[in-house]
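Residue 28 in my numbering sits at position 13 of the sequence shown; the count goes up by one each step and never skips. C-beta: ideal position from N, C-alpha, C; glycine also. As the structure is a prediction and not an experimental result, all values here were calculated from the model.
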Amino acid sequence: MISAGDFRNGITLEIDGNVVQVIEFQHVKPGKGAAFVRTKLKNVINGGVVEKTFRPTEKFPQARIDRVDMQYLYSDGDLFYFMNVETYDQIAINQETIGDALKFVKENEMVKVCSYNGSVFAIEPPLFVELEITETEPGFAGNTAQGATKPATVETGAQVSVPLFVNQGDKIKIDTRTGEYLSRV
């Protein structure tokens, strides 16, 4: 059990039957009245964010989120298959659960599968991936003083904005959190 006075950013709790993660917290001691803790909580299952206040003495059970490294094998229709490389157990996860998480992930790459009480709720791709450009317009000389970019399609089918000097067939490094081009490899 964690009391509201011990909240920290990133801890996961069970509050009112929901699994939430503390995004922000602030201890408030008004001049008159009792102290309280103002928080911003994110529901880890559906992604909703709410703001709540608590007395510092309120206690909540800590939620145990399991993050397991798994290899992304392949997709078949709306199902995506993953394998635990230690036990060779395979699981199938539907498109609704995954969302855009695999936008920059190729087959046979490692991802983190996040679950709560055995129920998978999210996939965490690697922070950075290296992908090959499959389609982009050729670079052109001219108005490049402001760091101009052009659209490009990578081998997973995702669209990325890249600098004009990047050509088809080049390998690039991408930040999967923002979808931004980082560098050529």
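Proximity below 9 Å, CB of residue i to CB of residue j
i: T164; j: F119; result: no
i: S130; j: E73; result: no
i: I138; j: K127; result: yes
i: I80; j: V59; result: yes
i: F75; j: M16; result: yes
i: G194; j: V175; result: yes
i: Y87; j: N123; result: yes
i: T171; j: K121; result: yes
i: Q8; j: L94; result: Not covered by the structure: residue 8. The range shown for the chain is 16 to 200.
Buried or exposed by the 16-neighbour rule on C-beta atoms within 10 Å, applied to residue i
i: E143; result: The sequence given here places Phe at residue 143; Glu does not occur at that position. Burial call: exposed.
i: A116; result: buried
i: A107; result: exposed
i: P45; result: exposed
i: Y196; result: buried
i: M85; result: buried
i: P153; result: exposed
i: P140; result: buried
Minimum C-alpha distance to residue i - residue among the options
i: N182; options: V169, T151, T168; result: T151
i: I38; options: G32, V64, A19; result: V64
i: K55; options: G48, E147, H42; result: H42
i: G20; options: N123, A50, G32, E139; result: A50
i: H77; options: D31, I138, R199, V126; result: It is Gln, not His, that sits at residue 77 in the sequence shown. Q77 has its Cα closest to that of D31, out of D31, I138, R199, V126.
i: V200; options: E147, A173, P141, K57; result: E147
i: F180; options: P166, N109, Q105; result: P166
i: G25; options: K57, E111, R53; result: K57
i: T102; options: V83, D91, G92; result: V83
For residue i, the first and last residue of its enclosing alpha helix (DSSP H)
i: Q110; result: 110 to 113
Cβ of residue i within 9 Å of any chain B Cβ
i: V83; result: Annotation note: the requested chain B is absent from the structure, which comprises a single protein chain.
Extent of the continuous beta strand (DSSP E) run through residue i
i: Q174; result: 174 to 178
i: T149; result: 143 to 151
i: T54; result: 51 to 58
i: L197; result: 195 to 199
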